[in-house]
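Please read the structure below before turning to the comments.
Number of protein chains: 4
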Amino acid sequence: MTTSGKEFFPEIGKIKYEGKDSKNPYAFRYYDKDLMVGEKTLGKWLKFSIAYWHSFGNISSDPFGKATKALPWLYHNDSVKVAYNKADAAFELMAKLGIDHYCFHDFDLIDEGDDLTESEVRLQIISDYLLEKQNEMGIRPLWGTANLFSHPRYMNGAATNPDFHVLASAGAQVKNALDVSIKLNAENFVFWGGREGYMSIINTSTKIEKENLARFLSVCRDYGRKNGFKGTFFIEPKPMEPCKHQYDYDVETVLGFLYKYKLEKDFKLNVEVNHATLAGHTFEHELQMAYDNNMLGSIDANRGDMQNGWDTDQFPIDIFELTHAMLIILENGGIVDGGVNFDAKTRRDSTDLEDLIIAHIAGMDAFARATIAAYRILTESNYAEWKRNRYQSYSKGLGKDFSDGKLDLEDLKDFALEHGEPLQISGKQERFEQLISMFI
Amino acid sequence: MTTSGKEFFPEIGKIKYEGKDSKNPYAFRYYDKDLMVGEKTLGKWLKFSIAYWHSFGNISSDPFGKATKALPWLYHNDSVKVAYNKADAAFELMAKLGIDHYCFHDFDLIDEGDDLTESEVRLQIISDYLLEKQNEMGIRPLWGTANLFSHPRYMNGAATNPDFHVLASAGAQVKNALDVSIKLNAENFVFWGGREGYMSIINTSTKIEKENLARFLSVCRDYGRKNGFKGTFFIEPKPMEPCKHQYDYDVETVLGFLYKYKLEKDFKLNVEVNHATLAGHTFEHELQMAYDNNMLGSIDANRGDMQNGWDTDQFPIDIFELTHAMLIILENGGIVDGGVNFDAKTRRDSTDLEDLIIAHIAGMDAFARATIAAYRILTESNYAEWKRNRYQSYSKGLGKDFSDGKLDLEDLKDFALEHGEPLQISGKQERFEQLISMFI
Amino acid sequence: MTTSGKEFFPEIGKIKYEGKDSKNPYAFRYYDKDLMVGEKTLGKWLKFSIAYWHSFGNISSDPFGKATKALPWLYHNDSVKVAYNKADAAFELMAKLGIDHYCFHDFDLIDEGDDLTESEVRLQIISDYLLEKQNEMGIRPLWGTANLFSHPRYMNGAATNPDFHVLASAGAQVKNALDVSIKLNAENFVFWGGREGYMSIINTSTKIEKENLARFLSVCRDYGRKNGFKGTFFIEPKPMEPCKHQYDYDVETVLGFLYKYKLEKDFKLNVEVNHATLAGHTFEHELQMAYDNNMLGSIDANRGDMQNGWDTDQFPIDIFELTHAMLIILENGGIVDGGVNFDAKTRRDSTDLEDLIIAHIAGMDAFARATIAAYRILTESNYAEWKRNRYQSYSKGLGKDFSDGKLDLEDLKDFALEHGEPLQISGKQERFEQLISMFI
Amino acid sequence: MTTSGKEFFPEIGKIKYEGKDSKNPYAFRYYDKDLMVGEKTLGKWLKFSIAYWHSFGNISSDPFGKATKALPWLYHNDSVKVAYNKADAAFELMAKLGIDHYCFHDFDLIDEGDDLTESEVRLQIISDYLLEKQNEMGIRPLWGTANLFSHPRYMNGAATNPDFHVLASAGAQVKNALDVSIKLNAENFVFWGGREGYMSIINTSTKIEKENLARFLSVCRDYGRKNGFKGTFFIEPKPMEPCKHQYDYDVETVLGFLYKYKLEKDFKLNVEVNHATLAGHTFEHELQMAYDNNMLGSIDANRGDMQNGWDTDQFPIDIFELTHAMLIILENGGIVDGGVNFDAKTRRDSTDLEDLIIAHIAGMDAFARATIAAYRILTESNYAEWKRNRYQSYSKGLGKDFSDGKLDLEDLKDFALEHGEPLQISGKQERFEQLISMFI
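Residue numbers (this note's numbering), protein chains in the order written: chain W, 10 to 449; chain G, 10 to 449; chain X, 10 to 449; chain S, 10 to 449.
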């Protein structure tokens, strides 16, 4: 079902897997959805999702210039018509790419209305339409979210706004976004704290603001649970931009927050590559920090520029970096709640529609290749064993006793006195690196 | 009492306060120790401490070159004599600067011995000597710590070492360092996780390592408490260097860790300027994060270079930056447990002894001036009121109900529906900035 | 003369100097325009200029949100009326602040037309109006420039665009901008290479692009000179953003470029604080590099955030940083061709008109205070002498011979053999820092 | 010939090429030295060199700890014996790896003597020995250099020292280093300005210092040429560390300097990966800037950590990054004067000798693989053609006229008027990225 009645990407058909020697830009070279990688198919390991905002709404203005992209589905005076067209374009591209999940902010689906009531009506209309398309095509949202940062009212934050009136407006918006997400059977619901932070600490009470944030998340959670939302809530860490400092700085900061405010039962982390690097971490580090606490929810796949200090959200392509990330993901059993959402945009000067399609194909291929490489490292090499062996002293004898909490400081000293200077044990980083590189 | 029997800084006498118009490099221009600033003297607000390692042990080798500094107290073949001399130099400088606290690592006091037993004997000898000098001069340690990073055995970490044998050696060392700290009546005890982190995540189990770290801190705490240590334990966050990633990344990461492992009763934060900036934060941010949780323990005063990505540990001098930090400190009631430790070193090419003295005088003056400025901002201007007023909507009506946990998401929506679009309220950052600058 | 017939800033009159103890936010505390500082007045040292784009055109959308600022002069359907209003607002603010220079891009003055011809007509109209106002009020442009980055056609660069057609369009635009600048008696003309650089080096021939840039600048220069432009052309370095890499990276990169293409006779540098810091340099470093080559043209006054990797363009306020910059400027004789342009914007959430005024007052005061402090350091302290003395060995004997090019490598060796190991001479950075801080 | 009479790496024989499926850590998987890649063998494209300092002298102390590495060839009380052993170890490893070039600082070869004369004697002795070994084994230095940064006398710079006496000492040292380099038939000679820069700009005359640097380089060049040195002199850019700012900041800064002081005939650039990234550039960017001026001399192969702001000098392993670099190198005809020097060190905790060997093997393999991939991209894909076509508008018609310097600004405007708005042309970065990834 389409209302537009036209194809937006007529030049391509369904993208097929052709194998790694293919040079066809419109084919997968690694992403064979049904390939078994251990106990799961590639398609299950990598539950891909498209990002409604970047791929279907972003016309690429930037702080130094106007929009460059003429997306054909946006050309209509009527908001509802535009929303239908956008949905048609999105679902067409998903079908052609073989992606059956999407992620959205409330007002990606349809423009915000002039007031809350009009916005509700609009969300009602477009979600009816999307639900039909979903059912027809076997597609559902990986997650929904509310855009609490674009409207000027949020210039000083939403849940952390010094003005209760703004916080209440944000609450109203989340309620509607949750309603839509439940209706559309979204698997999860995300909070990205776009402007939850400060521009300057000199005019800010961080304590009040963070407590309000916690309370806000609690009431949202309660509402969701009361209304049948079974999925997981995600917080998406980002350290800065647009704010000078954002409260959801990185995974460990968010974890501390969630535990402090007892939100850890319902919330997990949505980890984005570019947000990790903006925070001074590798993506794999952020993943590991989440996994160490059983709190990895989902990932936002993209790529930052290590030398540009803002969110470039480029499509992922770096097979070296991705293999290291997939190694962590596979070692820890994969992504349970969420999936791999392409929170990525083609460059401002990539103005052909073709660029959008190719970016997705190349990104999916890069993830598939990395998954296969990581799996081989874990199953065909000594990697896992070497890593485990580094810690074997804690599995036996007094090391185990220490791990079991049976030793005190005097015991440690006695051991040290008795055993003298420890033997030197190389960390063997280069050997590990060589091993990994054998499989990339 | 001195064993060296000589003055190491004969060219200076006791540094006096001469007022802000003085151009005498050997006088304080702002640091009038007994000046009342509100209810406390400057000397109480700023419990200064010298750093034994930088000021008396650091001969300024760097990764690209050999030592440049010929510190006269280090010239002796005998470790004990050197240690006596060093103590004499340190106490002489403290007396002349009017500083009555110092901070030390175990093997700052005296060189590590060839084995644990010899190290113990040495620590015994030098602590006897220091205790006498302390009593004579009314000086005591602000905090002690164990150096768990310089010896090669710690190349892969101490409490997070993959080898239990190394962890046990670290335990033995902390036991002795705690014993010395208790004997010397140290007010607090610090853990700086010098190499607690990883060089590469590919050969590392962060989960095991952090759990071991938590357990290690617990047994140290237990030992201290059992043996009469009444002070506070501090963790000193640092994000990187020498490790690629250090577990005590920043204040919020450490807070999350302390709460997770239930260490928050005994541990607080020792926040260092340069470590804050290496982590991508301002110093004032890190202070605020600690205060928001009543976890600010002490500060390490120095100054980083925002454009050099390593710990430069320069002496503090930037009155603009310091006023912002002191504003946070005064707003939050000052530093309760610890003080202001000059974890700062003169540049490698500042090779005159004079440079060391002047660096301290200028640093103390800069802090004093910032304290006075911050106090005036808080008491003579509208600053505090303006800041408070930004949040007044949470002190009354439904805003207060929200703060008190009485509203749910539907209530927020009802409020939003009823009240319509919020009025725009400027954040007024420039007005705040202007106000602060009026008092610097 | 105004066409709007109204005051846009009715709440303020002419801002007066009230002295440093004034707490009036609408008064200068340091900026006494006529105060003699050495041989020049403060007003001459600091030839302030307002930035037409930030202060009168910027409504503060950002990559994550819509415009927040409702500037009253922009509310009209007719481009010409808006342009008249904007001019009225700008000239009113300049008069009230006592600023008699402004800087503009072509399409700051009036919106770009639908085609080149319409744009020309519009520029003709608005420049007539501005010229009248200028004459009436004794105001003139510090510099003009052409906006070669906002229009989508420039998405891949202007003078460095791979497509000659775009380069030609840029040429047409510069011609008109130069014509307007000459007509308005602009003192200088700027090139900021907004998108002259690359998004990715993999699709870019940097060699062709930079050669085209040089040729483009040459033909612009030739046109200007032929048509009576007597001022200096400026290049404004910036390292990145919006491009991944911008060719005018920093002062030294631009200097190399200017010398290589023999443009150094007509071009100098316009150095911006925030661009300096984005390039990994201090502002004072960039100033010094320009002065060392007699190539400092003008400065763009603002302030970056050292921890946010994009151009925040905040208003300057940091007295410590500014004193260091003014020290370089005064040591080198001041700014000859240009002035001090406030290329700064109030924060996105500073939405009161008052904020704009206060930001300017505070920024002017900060510069004035820094100028006075720097002057005192240079005239009342040993600073200049100490610095000169460090290099005295090159003013006499063999050191001078070396400076004069009379020694060869064997001579150096003979000297070294004869004189043995050099004495160690401290760099005394802390002593210099203390001295400077005595005057801030 | 060895004086030590023993093998230092007895556990390995000559490393062989075994093909990409080999999992033998002591074999090459891609580096088949004799494989023809276009018109040259892999061995010719990649003239590998070992770094005497990192691999044979570095015992891995760091700013936070003591040396960890017990290199067996260093254990002797006699400097000459140590030097012989070191040479034996170095030449043994080169032979086993199939590397026939090495790079050295003067005092890598043998410890500096107590005075200049003793140092000369020592250099004489060790260079005799090395010359014999070179002749026997067909090995020669890729380049030599003088270490002008480790000795305390250079704490304020060598050629840029404020004290002429130090500059003269540096001259003496370079003379000897040049003599040794000529004697050993070194292909090139490098200047890395270790401490040529400043710790603080407030006590520094950058103008005097840079002029002295230029003069110093000139007299060194003159001496070399007069004494038969036929190779190229290289400057190795680095932006910072140990200095706050180093004058040889990056490639373009150095180029500007070389042209300004007319040194460009004899000097080229030695570009290091980690120095590029410290300067905020990619390695490929720095290579391209050098090539665009025919000034690429040689490369220092290693890998930085984008999130740690100091020189980590890790061994190269990232196939994605290296392919992009080799693409630039191959597009520009390869490295003419120099080669690929492993200026890389195993991590401080990689304490097995095996780690050093494996690091080299893996690094050589990574470069070989990248070279092959880049060659295929250039010869088997449309990459070069696509890139060329982007600029085709400058090869014909008025675009060509512009390139040929035949158009003025009015001509550009006429063209723009006549042709109207340019068509939008996508930059197609994602398509380029996909293409490249097909060959990695």
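Ideal Cβ placement from N, Cα and C applies to all residues, glycine included. The structure presented is a predicted model; accordingly, all values stated were derived computationally and were not measured.
- Contact of K32 (chain X) with chain W is not assigned, every C-beta pair being separated by 7 Å or more.
- Collapsing the DSSP output to three states places D361 (chain S) in coil.
- Partner residues in the beta bridge of E281 (chain S), as assigned by DSSP, are S:D309.
- Here R149 (chain W) really is in contact with N194 (chain W); their C-beta atoms are around 5 Å apart, less than 8 Å.
- Under the DSSP assignment, H294 (chain G) falls in the alpha helix (DSSP H) whose first and last residues are 292–300.
- With distances taken between CA atoms, G289 (chain G) lies nearest to S:Q316 out of S:G306, S:Q316, S:N311.
- When DSSP states are grouped into helix, strand and coil, C229 (chain S) belongs to the helix group.
- Distance check between R224 (chain X) and each of X:C252, X:G237, X:L267 places X:L267 closest, using alpha-carbon atoms only.
- V175 (chain X) has its alpha-carbon roughly 8 Å from the corresponding atom of A168 (chain X).
- When secondary structure is reduced to three states using DSSP, A99 (chain G) falls in the helix class.
- Within the same chain, Cβ atoms closer than 6 Å to the Cβ of D117 (chain W) are found at Y61, W62, G66, the five residues on either side in sequence being excluded.
- Around the CB of D314 (chain W), 16 or more other CB atoms lie within 10 Å, so the residue is classed as buried.
- Proximity of chain S to F324 (chain W) at the Cβ level (cut-off 8 Å) is accounted for by E439, E442, in chain order.
- In the three-state DSSP reduction, Q323 (chain X) falls in the strand class (E or B).
- G180 (chain G): member of the alpha helix (DSSP H) spanning 173–192, first to last residue.
- With respect to Y232 (chain X), L387 (chain S) sits apart: the two C-beta atoms are not nearer than 7 Å.
- The segment 146–161 of chain W makes no contact with the segment 337–345 of chain X: fewer than 3 CB pairs, one atom from each, lie closer than 8 Å.
- For G348 (chain S), there is no enclosing alpha helix (DSSP H), as DSSP marks it with neither H nor E.
- DSSP links I244 (chain W) through a beta bridge to W:F200, W:L278.
- Remark: C-beta atoms of F173 (chain W) and G22 (chain G) do not approach each other more closely than 7 Å.
- Among the bridge pairs identified by DSSP, A60 (chain W) is matched with W:C112.
- Residue environment: S404 (chain S) is assigned as exposed (fewer than 16 neighbouring CB atoms within 10 Å of its CB, all protein chains considered).
- If you check each beta-carbon in the segment 138–161 of chain X against every beta-carbon of chain W, the ones closer than 7 Å belong to F158, S159, H160, P161.
- Between R399 (chain W) and chain G, the shortest Cβ-Cβ separation is below 7 Å.
- Taking C-beta separations shorter than 7 Å and ignoring five residues to either side along the sequence, the partners of Q255 (chain W) in its chain run G202, E205, G206, K247, P248, M249, following chain order.
- Put simply, the segment 30–46 of chain S does not touch the segment 392–399 of chain G. Fewer than three CB pairs are less than 8 Å apart.
- Chain-ordered, the chain X residues with CB closer than 7 Å to the CB of I449 (chain G) read I328.
- Not flagged as an interface residue toward chain G: G372 (chain S), since no C-beta distance is shorter than 7 Å.
- At least one CB of chain G lies nearer than 7 Å to the CB of I367 (chain X).
- Non-local C-beta neighbours of L55 (chain G) in its own chain, meaning closer than 7 Å and more than five positions away in sequence, comprise V349, F376, A377, T380, ordered along the chain.
- By the Cβ neighbour-count rule, T241 (chain X) is buried, with 16 or more other Cβ atoms within 10 Å of its own.
- A36 (chain X) carries a strand assignment under DSSP once its states are collapsed to helix, strand and coil.
- The beta carbon of Y258 (chain G) sits closer than 7 Å to those of P246, P248, A288, all from its chain and outside the five residues before and after it, given in chain order.
- About 22 Å separates the CB atoms of D41 (chain W) and E439 (chain S); that is not less than 8 Å, and the two are not in contact.
- Here R149 (chain G) is bridged, per DSSP, to G:H110.
- The DSSP-derived three-state label of T169 (chain G) is coil.
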